[in-house]
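If you read the protein sequences in the order shown, they are chains Y and F.
Residue numbering for the first sequence follows the numbering used here, starting at 22 and increasing by one per position.
Residue numbering for the second sequence follows the numbering used here, starting at 22 and increasing by one per position.
2 protein chains.
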Amino acid sequence: MIQKLLHEEVEVETSIDGYDAANFPEITAEKQGHRHPVHTVIVTHFELARMIERVNRRFASLLRTEMTKLGVEDVGPAQAMVLLAIGDVELSVGELLDRGHYVGSNISYYLKQLADGGYIDRVASQRDKRSARIRLTEKGEQLCANLRDAGGAYNRILARDDDDLRNLEIAFQTLHRLELVWGNAARYGI
Amino acid sequence: MIQKLLHEEVEVETSIDGYDAANFPEITAEKQGHRHPVHTVIVTHFELARMIERVNRRFASLLRTEMTKLGVEDVGPAQAMVLLAIGDVELSVGELLDRGHYVGSNISYYLKQLADGGYIDRVASQRDKRSARIRLTEKGEQLCANLRDAGGAYNRILARDDDDLRNLEIAFQTLHRLELVWGNAARYGI
DNA sequence: TAACTTACTTCAAATTTTGAAGTAAACCTG
DNA sequence: CAGGTTTACTTCAAAATTTGAAGTAAGTTA
């Protein structure tokens, strides 16, 4: 029975509209000293996918709000994500593409807007004139810095102690695994 | 092929927020048998957010592909997510809204398309005639079942053993926390 | 040097998301 | 119980995002 549960998809309707942390007894247990959930609840990839979609939406609105607060009108959440993806390094469009699993034309479009807004510089590489090198301008860096500033508060709330850090990291790694599995499936079929 | 790629090295970007995240040695450690990170690397919420965006994109294309395979032309990934959110219960639009943190008009729009396509039924509630009750039709349930079928393979790949399950669950819970924190921030400001 | 590949851009169209403005039913409140 | 308010949703128009096909120009290879 357990084996079956482990490896078949099992529909578990966990408190989906998660406003209520009380529905996650494991979290409570964890706070009481147990590092890891005692009863394992099966989480299917659909549940995770839905969660990811919701969280993504939330973050996007957060970015939008932050941008409004900063009085930035010409950068939407999607473009902001591109700026954050660029970070403080100089890279090519191709590298940026890999960083976000974007479609080429999409990034091209965003880069155009960001360049028009003066947030990035594009320079054709010496080595390979096809390859555009992208880098944040002063203005772009400033915006990123402001966003990071605003983000600090969230980091403090989310990473209160070692357990939090560990969990954030596990979440990150697990998502990375999803990224690989789903990505490869998309390319090569399952 | 997939097995190999599953455990491939991570390419990680450089420092964010002053923390140098150049390497994730724990992932290497995991390969060697230690399932939980020994040294905690700081994962900022921006990194997580970017990861979430990427994973979300990947899942959406997966859904699109699956839908194409199934020969379903009138349901995009976004609508599919709505179908999955409805699941096997009957609920009101409001409940559905909470389930996905959608904007009202958005859900309304999707429900219209799904109703037109014959995937859902809308019945006005007896108790409250303003409230529309939503439920999957036979056709909608069939599509969900097909998707779940296709999803089984991913669950098997992703949840190989107890450690995987534990990590998936931690990821789920951590994302839920992000959902709450970011959601509250959006409503009430930090 | 002709054909091919890579790295990216452009464009047009589709899809998704937003926000403002409805509508109708339910709920007060005097 | 009339009048105003709130709730639960819908509609509409516009914006933002994303896709895919078709470019272009620079490198690579045969």
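Glycine is no exception: its CB is placed at the ideal position from the N, C-alpha and C atoms.
What are the residues that DSSP puts in a beta bridge with residue i?
| i | result |
| --- | --- |
| Leu112 (chain Y) | Y:Ile155 |
Looking at the structure shown, is residue i part of a helix, part of a strand, or coil, going by DSSP?
| i | result |
| --- | --- |
| Arg56 (chain Y) | Confidence is the limiting factor: at Arg56 (chain Y) the pLDDT is only 49, short of 50, which leaves the residue's position unreliable and the question unanswerable from this model. |
| Ala50 (chain Y) | Because Ala50 (chain Y) carries a pLDDT of 39, less than 50, the predicted location of this residue cannot be relied on, and the following value inherits that uncertainty. Here Ala50 (chain Y) sits in helix by DSSP. |
| Val212 (chain Y) | Residue numbering for chain Y in the displayed model covers 22 to 211; residue 212 (chain Y) lies beyond these limits and cannot be assessed. |
| Phe45 (chain F) | Reliability fails at Phe45 (chain F), whose pLDDT of 37 lies under 50, so the model's placement of it is uncertain and the value that follows must be treated cautiously. Here Phe45 (chain F) sits in coil by DSSP. |
| Asp137 (chain F) | helix |
| Tyr40 (chain F) | The pLDDT assigned to Tyr40 (chain F) is 38, lower than 50, so where the model puts this residue is not dependable; a value taken from the coordinates is nonetheless given after this. Correct three-state label for Tyr40 (chain F): strand. |
| Leu168 (chain F) | helix |
| Gln24 (chain Y) | Residue placement at Gln24 (chain Y) is poorly supported in this model, since its pLDDT is 35, which falls under 50; the coordinates still yield a value, given next. Gln24 (chain Y) falls in the helix class under three-state DSSP. |
| Arg71 (chain F) | helix |
| Val124 (chain Y) | coil |
| Arg85 (chain F) | helix |
| Lys150 (chain Y) | coil |
Could you give the first and the last residue of the continuous alpha helix (DSSP H) run that contains residue i?
| i | result |
| --- | --- |
| Val62 (chain Y) | Careful: Val62 (chain Y) lies outside any alpha helix (DSSP H) and carries neither H nor E. |
| Asp184 (chain F) | 183 to 209 |
| Ala180 (chain Y) | Counting along the chain, Ala180 (chain Y) falls outside any alpha helix (DSSP H), and DSSP gives it neither H nor E. |
| Val103 (chain Y) | 98 to 107 |
Could you pull the start and end residues of the beta strand (DSSP E) that residue i belongs to?
| i | result |
| --- | --- |
| Val144 (chain Y) | 141 to 145 |
Give me the Cβ distance between residue i and residue j, rounded to the nearest whole Å; I'm assuming they're in contact under 8 Å.
| i | j | result |
| --- | --- | --- |
| Arg105 (chain Y) | Leu168 (chain Y) | Reading off the sequence, residue 105 (chain Y) comes out as Leu, not Arg. Indeed, because the Cβ distance is near 7 Å, the residues count as touching under 8 Å. |
| Ile155 (chain F) | Leu189 (chain F) | Not quite, the Cβ-Cβ distance comes to about 29 Å (not below 8 Å), so this is no contact. |
| Gly172 (chain Y) | His197 (chain F) | That belief does not hold up - the Cβ atoms of Gly172 (chain Y) and His197 (chain F) are roughly 19 Å apart, past 8 Å. |
| Ile73 (chain F) | Asn77 (chain Y) | 5 Å |
| Ser113 (chain Y) | Ala153 (chain Y) | 7 Å |
| Ala207 (chain F) | Leu91 (chain Y) | The Cβ separation is near 16 Å, so there is no contact. |
| Ile107 (chain F) | Leu118 (chain F) | Going by Cβ atoms, the distance from Ile107 (chain F) to Leu118 (chain F) rounds to 12 Å, so no, they are not a contact pair. |
| Val103 (chain F) | Leu164 (chain F) | Not quite, the Cβ-Cβ distance comes to about 11 Å (not below 8 Å), so this is no contact. |
| Ala192 (chain Y) | Thr195 (chain F) | 4 Å |
| Arg187 (chain Y) | Glu200 (chain F) | That belief does not hold up - the Cβ atoms of Arg187 (chain Y) and Glu200 (chain F) are roughly 19 Å apart, past 8 Å. |
List the residues of chain Y whose Cβ lies closer than 7 Å to the Cβ of residue i, in chain order.
| i | result |
| --- | --- |
| Ile178 (chain F) | Val202 |
| Val242 (chain F) | Residue 242 (chain F) cannot be examined here, being either before or after the span of chain F that is shown, 22 to 211. |
Note down, in chain order, every chain Y residue with its Cβ under 8 Å from the Cβ of residue i.
| i | result |
| --- | --- |
| Thr89 (chain F) | By Cβ distance, chain Y contributes nothing, its closest Cβ being about 12 Å from Thr89 (chain F), past 8 Å. |
| Ser121 (chain F) | First, the residue type needs correcting, since residue 121 (chain F) is Gly and not Ser in the sequence shown. The answer, in chain order, is Arg71, Glu74, Arg75, Arg78. |
What does residue i reach in chain F if we use C-beta pairs closer than 7 Å?
| i | result |
| --- | --- |
| Asp207 (chain Y) | Correcting the residue identity first, residue 207 (chain Y) is Ala in this sequence and not Asp. The answer, in chain order, is Arg79, Ser82, Leu83, Thr86. |
At a CB-CB cut-off below 8 Å, which residues of chain F make contact with residue i?
| i | result |
| --- | --- |
| Tyr130 (chain Y) | Going along chain F, no residue has its Cβ under 8 Å from Tyr130 (chain Y), so there is no contact; the nearest lies around 15 Å. |
| Glu68 (chain Y) | Phe193 |
| Gly172 (chain Y) | Asp38, Thr65, His66, Phe67 |
| Gly138 (chain Y) | Correct list: empty, because the minimum Cβ distance to chain F is about 20 Å. |
| Leu199 (chain Y) | Val76, Arg79, Phe80, Leu179 |
Any chance the CB of residue i is under 8 Å from a heavy atom of the ligand GDP?
| i | result |
| --- | --- |
| Glu74 (chain Y) | Ligands in the displayed structure: none, and consequently the ligand GDP is not present. |
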